[in-house]
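Asker: In full-length UniProt numbering, the protein residues as written are 1 to 265. Let me give you the structure first, and then I'll get to my questions.
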């Protein structure tokens with residue numbers, strides 16, 4: 001795998017080239033945040049310093065880790081179930097245009113309905129708690145993975161498919177050796193989008209229809225006008241998405257790209 005050894009420095013240099021700009025952007029954002037917090041009441045916007053102090057205090061409590069575990073469990077189950085269902089349906093619809101046409105109204109509806117409406121419906125059907133949170137989040141992640149899977153299948157090199165058919169390769173062989181390697185990138189892009197979107201939906205569902213989790217802590221902080229706590233939980237949500245995307249998905253995406261380049265050589 002000679003290609004992988006040459007691509008690694010390029011990836012590192014590319015990241016190193018972007019790091020100063022990213023850091024500069026973060027600094028500008030924090031400065032802007034600090035200025036706004038000075039101009040308005042701390043009940044409206046907590047300063048970065050107040051948020052950091054509150055976050056550290058929260059981390060030192062047992063309730064923080066229990067709350068984090070509850071939300072992560074709901075998020076993990078939702079992401080897994082929504083991604084698997086979306087991938088499966090997208091695979092079938094991508095290979096069978098007639099099925100794609102049948103599922104199109106459902107896809108359009110799920111991507112058009114405001115999330116708060118589905119949360120309300122979930123509360124009516126399942127009541128308050130984890131079930132409605134997982135149901136709503138999975139249902140909204142599903143069309144994202146569905147669309148990305150179809151787009152990946154549509155982008156498969158048709159010459160490879162024709163070559164496979166010339167050599168009378170079976171459907172399973174085409175799926176394993178041509179389709180699945182080609183849609184790895186779109187699937188990971190869909191997972192990255194689903195992760196950020198999923199965290200927001202889980203928290204929204206917890207705010208409206210749960211007695212535990214980060215969303216419930218949001219609701220308590222809002223009721224008690226604890227703005228620093230509210231902002232601290234926002235930082236936690238950003239960190240969760242960042243860890244998942246940059247610590248899991250990006251390395252997986254780089255591995256797939258190196259593997260595909262190695263296969264092509």
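Even for Gly, the Cβ is constructed at its ideal location relative to N, Cα and C. Being a predicted model, the structure only gives us computed values, none of them experimental.
1) Between which two residues does the alpha helix (DSSP H) containing residue 123 stretch?
2) Within 10 Å of its beta-carbon, does residue 89 have 16 or more other beta-carbons around it, so buried, or fewer, so exposed?
3) For residue 129, which of helix, strand or coil comes out of DSSP?
4) Ignoring anything shorter than 4 residues, give me the alpha helix (DSSP H) runs that lie fully in the segment 22–81, in order along the chain.
5) Less than 7 Å between the beta carbons of residue 188 and residue 249, yes or no?
6) Considering Cα atoms alone, identify which of 226, 211, 40 and 151 is closest to residue 128.
7) For the segment 102–118 and the segment 48–67, state whether three or more C-beta atom pairs, one from each stretch, are separated by less than 8 Å.
8) How many Å lie between residue 52 and residue 30 at the Cα?
9) Are the beta-carbon atoms of residue 196 and residue 71 separated by less than 7 Å?
10) In or out: residue 86 buried (at least 16 other Cβ within 10 Å) or exposed?
11) Leaving out the 5 sequence neighbours to the left and right, which residues in its chain are closer than 6 Å to residue 244 when beta-carbon positions are compared?
12) Within a Cβ cutoff of 7 Å, which residues of the same chain sit near residue 10, ignoring the five residues on either side of it in sequence?
13) Which residue's Cα is closest to the Cα of residue 68: 220, 180 and 203?
14) Considering only the alpha carbon of each residue, which of 237, 131, 252 and 193 lies closest to residue 147?
15) Helix, strand or coil, according to DSSP, for residue 136 in the structure here?
16) Determine the DSSP secondary structure at residue 110, reduced to helix, strand or coil.
17) Quick check on DSSP: helix, strand or coil for residue 96?
18) Skipping 5 residues on each side, what residues in its chain have a beta carbon closer than 7 Å to that of residue 57?
19) Identify whether residue 206 lies in helix, strand or coil by the three-state DSSP scheme.
Answerer: In short:
1) Residue 123 sits at position 123 when you count from the first residue of the chain shown. Unbroken alpha helix (DSSP H) run through residue 123: 115–126.
2) Here residue 89 corresponds to residue number 89 of the chain shown, with the count starting at 1. Burial call: buried.
3) Here the question's residue 129 lines up with position 129 in the chain shown. Residue 129 falls in the coil class under three-state DSSP.
4) 48–59
5) Locating residue 188 in the chain shown gives position 188, where the first residue counts as 1. Locating residue 249 in the chain shown gives position 249, where the first residue counts as 1. Cβ distance < 7 Å, so residue 188 and residue 249 count as in contact.
6) Taking the first residue of the chain shown as position 1, residue 128 is located at position 128. Per the Cα distances, 211.
7) no
8) What you label residue 52 is simply residue 52 of the chain shown in a count that begins at 1. What you label residue 30 is simply residue 30 of the chain shown in a count that begins at 1. Between residue 52 and residue 30, the C-alpha separation is close to 12 Å.
9) Counted from its first residue, the chain shown places residue 196 at position 196. Counted from its first residue, the chain shown places residue 71 at position 71. Against a cut-off of 7 Å, the Cβ pair of residue 71 and residue 196 comes out as no contact.
10) The count along the chain shown starts at 1 and reaches residue 86 at position 86. It is buried - the Cβ of residue 86 has at least 16 other Cβ atoms within 10 Å.
11) In the chain shown, counting from the first residue as 1, residue 244 sits at position 244. Taken in chain order, the residues that qualify are 195.
12) If you number the chain shown from 1, residue 10 lands on position 10. Model confidence at residue 10 stands at a pLDDT of 47, short of 50, so the residue's coordinates are unreliable; what they give is reported in the following sentence. Same-chain partners within the cutoff: there are none.
13) Within the chain shown, numbered from 1, the residue matching residue 68 stands at position 68. Ranking 220, 180 and 203 by Cα distance to residue 68 puts 203 first.
14) Within the chain shown, residue 147 is the residue found at index 147, counting from 1. Minimum Cα distance to residue 147 is reached at 193.
15) The residue given as residue 136 occupies position 136 in the chain shown. Helix.
16) By one-based count along the chain shown, residue 110 stands at place 110. In the structure shown, residue 110 sits in a helix (DSSP, three-state: H, G or I).
17) Taking the first residue of the chain shown as position 1, residue 96 is located at position 96. Residue state, collapsed to three classes: coil.
18) Stepping through the chain shown from its first residue, residue 57 is reached at position 57. None.
19) Start at 1 with the first residue of the chain shown, and residue 206 comes out as number 206. In this structure, residue 206 counts as helix in the three-state DSSP scheme.
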